[in-house]
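In order, the protein sequence lines correspond to chains A and B.
Each number in this note's numbering corresponds to the 1-based position in the first sequence with 21 added.
Each number in this note's numbering corresponds to the 1-based position in the second sequence with 21 added.
All residues carry an ideal CB built from backbone N, CA and C; glycine is no exception.
Number of protein chains: 2
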Amino acid sequence: MNTEYFEKRYSVRAYDQQREVGMDLINSLLGKAVHAPNTGNMQTYSVIVTTDADKIAELAPSHFNQPAIRSAKAVLTFCLDFNRFNRWCRLNGVEPGLDNLQGFTWGVIDTAIVAQQFCTLAEMAGLGTCYLGTTTYNAEPIARALGLPTGVVPVVTVTTGYPAECPGTQPRLPLWAVTHEQVYHDPSDEEIHEIYAEEEALDSNRRFVEENGKESLAALFAEVRYPKAANEQFSRVYREFLKNQGISL
Amino acid sequence: MNTEYFEKRYSVRAYDQQREVGMDLINSLLGKAVHAPNTGNMQTYSVIVTTDADKIAELAPSHFNQPAIRSAKAVLTFCLDFNRFNRWCRLNGVEPGLDNLQGFTWGVIDTAIVAQQFCTLAEMAGLGTCYLGTTTYNAEPIARALGLPTGVVPVVTVTTGYPAECPGTQPRLPLWAVTHEQVYHDPSDEEIHEIYAEEEALDSNRRFVEENGKESLAALFAEVRYPKAANEQFSRVYREFLKNQGISL
Numbered sequence: 022m023n024t025e026y027f028e029k030r031y032s033v034r035a036y037d038q039q040r041e042v043g044m045d046l047i048n049s050l051l052g053k054a055v056h057a058p059n060t061g062n063m064q065t066y067s068v069i070v071t072t073d074a075d076k077i078a079e080l081a082p083s084h085f086n087q088p089a090i091r092s093a094k095a096v097l098t099f100c101l102d103f104n105r106f107n108r109w110c111r112l113n114g115v116e117p118g119l120d121n122l123q124g125f126t127w128g129v130i131d132t133a134i135v136a137q138q139f140c141t142l143a144e145m146a147g148l149g150t151c152y153l154g155t156t157t158y159n160a161e162p163i164a165r166a167l168g169l170p171t172g173v174v175p176v177v178t179v180t181t182g183y184p185a186e187c188p189g190t191q192p193r194l195p196l197w198a199v200t201h202e203q204v205y206h207d208p209s210d211e212e213i214h215e216i217y218a219e220e221e222a223l224d225s226n227r228r229f230v231e232e233n234g235k236e237s238l239a240a241l242f243a244e245v246r247y248p249k250a251a252n253e254q255f256s257r258v259y260r261e262f263l264k265n266q267g268i269s270l
Numbered sequence: 022m023n024t025e026y027f028e029k030r031y032s033v034r035a036y037d038q039q040r041e042v043g044m045d046l047i048n049s050l051l052g053k054a055v056h057a058p059n060t061g062n063m064q065t066y067s068v069i070v071t072t073d074a075d076k077i078a079e080l081a082p083s084h085f086n087q088p089a090i091r092s093a094k095a096v097l098t099f100c101l102d103f104n105r106f107n108r109w110c111r112l113n114g115v116e117p118g119l120d121n122l123q124g125f126t127w128g129v130i131d132t133a134i135v136a137q138q139f140c141t142l143a144e145m146a147g148l149g150t151c152y153l154g155t156t157t158y159n160a161e162p163i164a165r166a167l168g169l170p171t172g173v174v175p176v177v178t179v180t181t182g183y184p185a186e187c188p189g190t191q192p193r194l195p196l197w198a199v200t201h202e203q204v205y206h207d208p209s210d211e212e213i214h215e216i217y218a219e220e221e222a223l224d225s226n227r228r229f230v231e232e233n234g235k236e237s238l239a240a241l242f243a244e245v246r247y248p249k250a251a252n253e254q255f256s257r258v259y260r261e262f263l264k265n266q267g268i269s270l
């Protein structure tokens, strides 16, 4: 099988407004995606597929009205789902035990894996996709909009539609930086500089750094895009939401 | 592109002892896999590729000596890696902020996504793969064996090799059970029974339940495979390990 697609792929954040994405297509892709591996074949996840324009508009503020959701023809909210498994256990008179850090971690892993399998299939079918990381920031209003019961937690959102843009492949860190043979190689300071040099030199990144009045790409990440105080605040909110959904870390 | 592979795939736990899997092949697959989407293109993950037989034997007890690792020709430990990113930030005089639940969750998501992209590519190339969920049980001895510094946490392990077995496609829950249109559909008790009926009726599952002296498949999951007390104990150990690695949930 030709696997060239994998190294040419890119996320798409603008979708063709003239072409709908039907529930049949989404279900046919998901029907293949669920064959992805998962912990103990428990499939402790659910996918909420939103194609209704009003419902998408209702979800958009929770994703900070990013362009990807504003033009999306379908929004897939991939959730960790212990509700189904817990109820099955209780109907069988046994107590499930997934309401802890191990359960959460497997749930996140399995949910991410099936989401990625969907993305691969969707992109191979000519759709564009984009993950929305905002899902873990605003899980509570997303859960409310989608009617999620106890035990169900939004993990990742994927927007999709036929591409209305072609941003092209984005660079990645050098492969040697993220792979290690036999044991971990802790890079020297010099190597750290070398690892990020290409991304730091990109015109788009240099412009982004300058527009934000920062000194470096690292500062853009640490102070503008993912500042510590915001991450900590969103961590508190997510932990509290998890607790309300029956999962204590 | 023919996507029939996706619904026919299955995990492989026994590998051909006569066929080696070279580092070149693994690196060529990983070189494609890293083009998977990831949060902010920060790539906060590392993959430790173990092909050395002695090193694999050293890792095996941490995975309870499962057949998949005992016959593996290569073992890939996919780790969340904040070490590289943190050091880059500090070399640029800024303080990173990923040492919390949000950072952990993105890290797990991104690590699982790149692992799954590797598995898809490996299986398309004729290799068999199997995830080892034991990675989050015994992260500390795994980290020690692989020389992981602060900020690096094992998330999933993938064993690989050329298949020496062909277990065939395993059934999944009915698609309607894991997908929801527009909003979440909370199943009735009757639907819960219906959802698990096919898996409960499988000969292999019935035998497994009987051999363990259990009354139901749910009891096998809740009391034998993933008992609450063990999950809670492993949660404490993983949380403590995360803290030692600089991540506080």
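Since F99(A) sits in a beta bridge, which residues does DSSP pair it with? Under DSSP, the beta-bridge partners assigned to F99(A) are V68(A), V177(A).
Using 8 Å as the limit for Cβ to Cβ distance, is Y183(A) near chain D? Absent from the structure is chain D; the protein chains it does hold are A and B.
Which residues in chain A have a C-beta closer than 7 Å to the C-beta of G189(B)? List them in chain order. Here the premise fails: no neighbours, minimum Cβ distance about 12 Å.
Listing by chain order, which chain B residues have their CB less than 7 Å from the CB of I90(A)? Those within 7 Å of I90(A) in chain B number zero; the least Cβ separation is about 15 Å.
Can you check which of these residues, M63(A), L241(A), F139(A), is closest to F229(A) by C-alpha distance? Nearest C-alpha to F229(A): L241(A).
The segment 162-182 of chain B touching the segment 138-154 of chain B, judged by at least three CB pairs closer than 8 Å: Contact between the segment 162-182 of chain B and the segment 138-154 of chain B is present, because at least three Cβ pairs lie under 8 Å.
Is there a Cβ from chain B that is less than 8 Å from the Cβ of R108(A)? Yes, R108(A) counts as interfacial toward chain B.
Please determine, among T155(B), E25(B), G61(B), the residue with the shortest C-alpha to C-alpha distance to W127(A). Looking at the Cα atoms, T155(B) is the closest of the given residues.
Beta-carbon neighbours of T24(A), restricted to chain B and to distances below 9 Å: Listed along chain B, the residues sitting closer than 9 Å to T24(A) by beta-carbon distance are L50, K53, T141, L142, M145, A146.
List the DSSP bridge partners of H328(B). This structure gives no information on residue 328(B), because the portion of chain B shown stretches from 22 to 270.
Can you name, in chain order, every residue of its own chain whose Cβ lies under 6 Å from the Cβ of R34(A), other than the five neighbours on each side? Spatial neighbours of R34(A) in its own chain (CB-CB distance under 6 Å, excluding positions within 5 residues in sequence) are listed in chain order as P88, A89, C151.
Would you kindly work out how many angstroms separate the C-alpha atoms of R260(B) and S269(B), rounded to a whole number? In a straight line, the C-alpha of R260(B) is about 8 Å away from that of S269(B).
For F106(A), count neighbouring C-beta atoms within 10 Å of its own C-beta (all shown protein chains included) and say buried if the count is 16 or more, exposed if not. By the neighbour-count rule (16 or more Cβ atoms within 10 Å), F106(A) is buried.
So does the segment 162-177 of chain A actually touch the segment 198-209 of chain B, counting three or more Cβ pairs closer than 8 Å? Yes: at least three Cβ pairs fall under 8 Å.
Going straight from the alpha carbon of P82(A) to that of N159(A), what length do you get? Approximately 9 Å, taken between the alpha carbons.
Count the other C-beta atoms from every protein chain shown that fall within 10 angstroms of the C-beta of S209(A), then say buried if there are 16 or more, exposed otherwise. Classification of S209(A): exposed, given that the 10 Å Cβ count is below 16.
Under 8 Å by Cβ, that's how I've got D37(A) and Y183(A) pegged, so tell me the actual separation to the nearest angstrom. That belief holds up - the Cβ atoms of D37(A) and Y183(A) are roughly 4 Å apart, short of 8 Å.
Nearest neighbour of E79(B), chosen from S49(B), I163(B), Y31(B) [CA to CA]: Checked all of S49(B), I163(B), Y31(B); the closest Cα to E79(B) is I163(B).
Among H214(A), A54(A), E144(A), whose alpha-carbon lies nearest the alpha-carbon of C187(A)? Sorting H214(A), A54(A), E144(A) by C-alpha distance to the C-alpha of C187(A) places E144(A) at the top.
8 Å is my cut-off, CB to CB: does Q138(A) come that close to chain B? Q138(A) counts as touching chain B.
Span of the beta strand (DSSP E), counted from its first residue to its last, around Y152(B): The continuous beta strand (DSSP E) containing Y152(B) extends over residues 149-153.
Looking at the secondary structure, which residues open and close the alpha helix (DSSP H) in which I77(B) lies? First-last of the alpha helix (DSSP H) with I77(B): 74-80.
When you compare the CB of V245(A) with every CB in chain B, is at least one pair closer than 8 Å? Closer than 8 Å: no.
Measuring CA to CA, which of R111(A), M63(A), C100(A), F27(A) is closest to Y247(B)? Looking at the Cα atoms, M63(A) is the closest of the given residues.
With a threshold of 8 Å between beta carbons, is E161(A) in contact with chain B? Chain B, which has no Cβ nearer than 8 Å to the Cβ of E161(A), makes this no.
Does chain A have any CB closer than 8 Å to the CB of D224(B)? No, D224(B) does not count as interfacial toward chain A.
Under the DSSP definition of a beta bridge, which residues are partnered with P184(B)? As computed with DSSP, P184(B) is found in a beta bridge with Y36(B).
State buried or exposed for R30(A), treating a residue as buried only when at least 16 other CB atoms are found within 10 Å of its CB. The residue in question, R30(A), is buried, as its Cβ has 16 or more Cβ neighbours within 10 Å.
Is it buried or exposed for R108(B), if we count other Cβ within 10 angstroms and need 16 for buried? Using a 10 angstroms sphere on the CB of R108(B), the tally of other CB atoms reaches 16 or more, which defines it as buried.
Would you say Q87(B) reaches chain A, if we count a Cβ-Cβ gap shorter than 8 Å as a contact? So no, Q87(B) is outside the interface.
Return the CA-CA distance between T72(B) and D45(B), expressed in angstroms with no decimal places. Distance between the alpha carbons of T72(B) and D45(B) is about 11 Å.
Against chain A, with Cβ distances strictly below 8 Å, would Y36(B) count as a contact? At a cut-off of 8 Å between beta carbons, Y36(B) makes no contact with chain A.
F99(A) and T65(A) closer than 8 Å at C-beta: No, the Cβ-Cβ distance between F99(A) and T65(A) is not below 8 Å.
Using a C-beta cutoff of 8 Å, does P82(B) count as contacting chain A? So no, P82(B) is outside the interface.
Spatial neighbours of Q137(A) within its chain, please: C-beta separation below 7 Å, excluding the five flanking residues on both sides. Counting only Cβ-Cβ distances below 7 Å, and skipping sequence neighbours, we find nothing.
What separation, rounded to the nearest whole angstrom, lies between the Cα atoms of I130(A) and N86(A)? Looking at the two C-alpha atoms, the distance is approximately 26 Å.
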